[in-house]
Structures are given as structure tokens and as C-alpha cells.
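Undergrad: Before anything else, here's the structure in question.
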Amino acid sequence: MADTQQMPSVKTETTTSPSTPTHSISCQLSNFDDENNSQIDIVNIPDEYGNAFLKFLNFDIAKEETKFNDSVELMLTKLDEFFSLVDMIRSDTSLCLQNTMPDIQMKCKEMDAVFEKIDRLEDFVNIVKESVVTVEEKVNKAESELGAVGGFIKKLSSFISKKPSPALTPSRNKGPEFVPPDIFSTKDYFDHSMETETSIAASVPGPSVMSANPQDSNQESGNSST
1036 MADTQQMPSV KTETTTSPST PTHSISCQLS NFDDENNSQI DIVNIPDEYG NAFLKFLNFD
1096 IAKEETKFND SVELMLTKLD EFFSLVDMIR SDTSLCLQNT MPDIQMKCKE MDAVFEKIDR
1156 LEDFVNIVKE SVVTVEEKVN KAESELGAVG GFIKKLSSFI SKKPSPALTP SRNKGPEFVP
1216 PDIFSTKDYF DHSMETETSI AASVPGPSVM SANPQDSNQE SGNSST
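Just so you know, we're using my numbering here: the sequence shown kicks off at 1036 and counts up by one.
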């Protein structure tokens, strides 16, 4: 019985002993496959990422290039226009500084005299205005006085038909005494030398008159003598 009990144990050992190396081999093979797959994945990762980035970088830049070129050409044309404008301003500035500014300075000096004359003329206008106002007041006063006296005389003449006596006529015809106001004199404000010069120039005959035919003058003198 002891022999029979030991035999199955040997069989079990013989049956179990060959199963262990196959399992280990399969485990090793699976591990090797996993390692190979992981190595293959590691090798393929750069290519995959490279292809993915290539898709992002692979785009058409023709449109952007044309837009950029157009903008550059437009900027160049604007720069040319600006340079031409600067040249024109420079030429105008040089002309203004060399020719126009001296003329303006000379005219400014002349304008000082003109301004002084204008101030004097304004003062003269004010004086004339005051004189006109005083004369108008005198005229209005005289009109009022003469109008009142004339109306009174007309009323009296309507009531009295006979001719007034000569003794009363001077008193009736005698009106208020006129006192002339003090007004300006143009001699005090204007120089008459210019007027005398113009009158002398007008009185002197011109070259056309002086160059007339002397025979005509002789004939006129003969006619006057006859």
C-alpha cells in the first residue's frame, strides 16, 4: 500500500514538472512582445508628432505674400510722395526766406507810416463830426426861431389888411443874430504843398502841346495882330 501511494505522487511530479517551463516561456514571450511593442511605439512617436506638426506648418503663403508685397509697394509710393512734398516745401521755404521775407519787412516799415496817417485821419474825422453836430444844432435852432417868427407874422397879416408903417418894418424884419460856431480849418490838418504842385503841373502844358507846329502859332499870332 505504501508503494501504491507513492507512485501517484511521482506521476504528479512528472506531470507538473513539464508545465512550468512552458508557462515561463509564454510569459517571457509576452514580455518580449510588450517590450518590442513599446520600443516600436517609442520609435514611431517622433514620426507621428512630426507628421502632425507638418500638417500645421504645411499651408499656402501665396496670398499672404501678395498682400505683403502690395503693402510694401503702397508704402514705397507714399514715401515717394512724401519726399516730393518735402522737396517742394524746402524750395518754397528757401524762396520765402530769400525773397519774400525782406519784402515783407520793408512793407512793414512802410505800414508804420500808413498806420500813423490812419490814426490822424480818425482824429480828423472825430473833429469834423463834432463840428457837423454843432452846425446842425445851430441850424435847427435858427429854423425853429425863424419858423415861429414867420408864423406869427402871417397870422398878423391875415388880421391886418393895411400896409404896416415903415417904422415897424425894421423891428419885424429884424431876426435873431447869427453867431457862427467855431469849426475846423483844413489848413491846420492838410498840407497844401501837394495841391499847389498838382495845380502847377496842370497849368504847365504837356510835351504834346509844346511840340505843336510853330507855323500854327505864327498864324494865330498874325490873326490876333490883325
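Cβ coordinates follow ideal geometry from the N, Cα and C atoms, glycine included. Here the structure is a predicted model, which means the values were calculated and not measured.
#1: How many whole angstroms separate the CB atoms of residue 1166 and residue 1219, which I take to be in contact at a CB cut-off of 8 Å?
#2: To the nearest angstrom, report how far apart residue 1107 and residue 1138 are at their CA atoms.
#3: Here's a check: name, in chain order, each residue in its chain whose Cβ is nearer than 8 Å to the Cβ of residue 1216, leaving out the five neighbours to either side.
#4: Would you give the residue range spanned by the alpha helix (DSSP H) that residue 1121 belongs to?
#5: Would you kindly work out how many angstroms separate the C-alpha atoms of residue 1145 and residue 1151, rounded to a whole number?
#6: With a CB to CB cut of under 7 Å and the five nearest residues on each side skipped, what residues in its chain are close to residue 1120?
#7: Out of 1125, 1143, 1114 and 1223, which has the shortest C-alpha to C-alpha gap to residue 1155?
#8: What did DSSP end up calling residue 1218 once you bin it into helix, strand or coil?
#9: Could you give the DSSP three-state label for residue 1224: helix, strand or coil?
#10: To the nearest angstrom, how far is it from the Cα of residue 1289 to the Cα of residue 1147?
#11: Using a Cβ cut-off of 7 Å (strictly closer), state whether residue 1133 contacts chain C.
#12: For residue 1081 and residue 1117, what's the separation of their Cα atoms in angstroms?
#13: Helix, strand or coil for residue 1213 per DSSP?
TA: If we stick to the structure as given:
#1: Position 131 of the sequence shown holds residue 1166. Position 184 of the sequence shown holds residue 1219. Confirmed, about 5 Å.
#2: Position 72 of the sequence shown, counted from the start, is the residue given in the question as residue 1107. Position 103 of the sequence shown, counted from the start, is the residue given in the question as residue 1138. Cα to Cα, the separation comes out at about 45 Å.
#3: As a position in the sequence shown, residue 1216 is number 181, starting the count at 1. Cβ within range, chain order: 1166, 1169, 1170 and 1173.
#4: The residue labelled residue 1121 in the question sits at position 86 within the sequence shown. Bounds of the alpha helix (DSSP H) holding residue 1121 are 1097 to 1130.
#5: By one-based count along the sequence shown, residue 1145 stands at place 110. By one-based count along the sequence shown, residue 1151 stands at place 116. One C-alpha to the other measures close to 10 Å.
#6: Your numbering for residue 1120 matches position 85 in the sequence shown. No residues qualify anywhere along the chain.
#7: Numbered from its first residue, the sequence shown carries residue 1155 at position 120. Nearest option by C-alpha distance: 1223.
#8: As a position in the sequence shown, residue 1218 is number 183, starting the count at 1. Here residue 1218 sits in coil by DSSP.
#9: Along the sequence shown, read from residue 1 onward, the residue named residue 1224 stands at position 189. Residue state, collapsed to three classes: coil.
#10: Outside the shown range of the chain, which is 1036 to 1261, sits residue 1289, and nothing can be said about it.
#11: Absent from the structure: chain C. Only one protein chain is present.
#12: What you label residue 1081 is simply residue 46 of the sequence shown in a count that begins at 1. What you label residue 1117 is simply residue 82 of the sequence shown in a count that begins at 1. Residue 1081 and residue 1117: Cα-Cα distance of roughly 54 Å.
#13: Looking up residue 1213 in the sequence shown gives position 178. The answer is coil: DSSP assigns residue 1213 none of H, G, I, E or B.
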